[in-house]
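Note that the numbering used here has the sequence shown beginning at 1, numbered continuously upward.
The C-beta atom is built at its ideal place from N, Cα and C for all residues, glycine as well.
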Amino acid sequence: MINNKEIILKKKRHCKICGKARYDGIMIIKSFICEDCVNSITNEEFDDKQYEDMKNRIKDILF
């Protein structure tokens, strides 16, 4: 039997980096970043162009 307290409704949000609608991710100052982008950011090499692009998009969210 499912208890009402166990039911958590998740809402799809649009990622500020990739633009896709996802359920899982993090919020940074009212901006959503999906789990795929978070994983991509944490696994990129510092000298990779994609890392720079992601870093700049996060700067846009913060400032």
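#1: Quick check: what's the CA-CA separation for ARG57 versus LYS11?
#2: Within a Cβ cutoff of 7 Å, which residues of the same chain sit near GLU45, ignoring the five residues on either side of it in sequence?
#3: By a C-beta neighbour count over all protein chains shown, 10 Å radius and 16 as the cutoff for buried, is PHE63 buried or exposed?
#4: Per DSSP, which residues does ILE33 bridge with? Please list them.
#5: Measuring CB to CB, does CYS15 end up less than 7 Å from PHE32?
Well, looking at it:
#1: Cα-Cα distance, rounded: 23 Å.
#2: TYR51
#3: exposed
#4: Per DSSP, the beta bridge partners of ILE33 are ILE26.
#5: yes
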